[in-house]
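Down below is the structure, laid out as structure tokens.
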Ligand SMILES: [Zn+2]
């Protein structure tokens, strides 16, 4: 049987072939949907893991061995004021508890730590948003790292609340009243003479009247120049 190009739709065999390519396309789409669901929907949350170790105010270790870094916040490092207080507060919230993790756009940081929003239940069964509680109680400063900005507005509101009430570290940390320079990309602000300022590209530079202005806009003070 000879067939010419274009007349396949007239022959039963040609019609079947046409139908078969539709089937293949449909099967491919179903497969694609399954794969994308596995990758992008299911792992957005993880349930059932326990906290076996509290490293500091914003880092924990889970029962599956993974280290989790809380997204959007930053707590004092060892040797800085409120390091122990932040760690203890975090421990009281999560130690030994089952956590629920919620993710943002980036799953891991450059140290291979899992980046997450962490939730636990208190004794009464109430759901506690751990990242937010650290900020609200003044044990963490917000540290927004784009593109992981899902709760940045909430964290900023809670930080303003903690700051106005002089909670935790806000009782001792007062930002400089002099002008500071922020980096739009990293959301960090510096004293004008900080070496890091020279590395900020002109379009990413933003001038604030004071450190407080930078804080109100959701910027994080530089660890080196401590503005
Ligand atoms: Zn600096």
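In the working numbering, the protein residues as written are 1338 to 1564.
Using N, Cα and C, we set each Cβ at its ideal position, and we do this for glycine too.
Distance between residue j and residue i (C-alpha atoms, nearest Å)
{"i": "residue 1442", "j": "residue 1451", "result": "12 Å"}
{"i": "residue 1405", "j": "residue 1398", "result": "6 Å"}
{"i": "residue 1417", "j": "residue 1364", "result": "58 Å"}
{"i": "residue 1379", "j": "residue 1505", "result": "Caution is warranted here: a pLDDT of 44 is assigned to residue 1379, below 50, making its placement in the model unreliable, and the coordinate value is therefore given only provisionally. Answer to the nearest angstrom: the Cα atoms are 37 Å apart."}
{"i": "residue 1520", "j": "residue 1426", "result": "31 Å"}
{"i": "residue 1446", "j": "residue 1387", "result": "21 Å"}
{"i": "residue 1517", "j": "residue 1432", "result": "38 Å"}
{"i": "residue 1375", "j": "residue 1385", "result": "Here residue 1375 scores only 46 on pLDDT, less than 50, and its place in the model is too uncertain to base an answer on."}
Beta-carbon gap between residue i and residue j smaller than 8 Å
{"i": "residue 1564", "j": "residue 1526", "result": "yes"}
{"i": "residue 1290", "j": "residue 1455", "result": "Lying outside 1338 to 1564, the shown extent of the chain, residue 1290 is not represented and no answer is given."}
{"i": "residue 1510", "j": "residue 1557", "result": "no"}
{"i": "residue 1489", "j": "residue 1555", "result": "yes"}
{"i": "residue 1492", "j": "residue 1419", "result": "no"}
Residue i beta carbon near ligand 1 (any heavy atom closer than 7 Å)
{"i": "residue 1403", "result": "no"}
{"i": "residue 1561", "result": "yes"}
{"i": "residue 1542", "result": "no"}
{"i": "residue 1533", "result": "yes"}
{"i": "residue 1536", "result": "no"}
{"i": "residue 1527", "result": "yes"}
N-terminal and C-terminal residue of the beta strand (DSSP E) that residue i is part of
{"i": "residue 1456", "result": "1451–1458"}
Residue i: first and last residue of the uninterrupted alpha helix (DSSP H) it sits in
{"i": "residue 1416", "result": "No alpha helix (DSSP H) contains residue 1416, which DSSP labels as neither H nor E."}
{"i": "residue 1491", "result": "1489–1501"}
{"i": "residue 1549", "result": "1548–1553"}
{"i": "residue 1473", "result": "1467–1473"}
Anticipated Cβ contact below 8 Å, residue i with residue j, distance rounded
{"i": "residue 1496", "j": "residue 1472", "result": "5 Å"}
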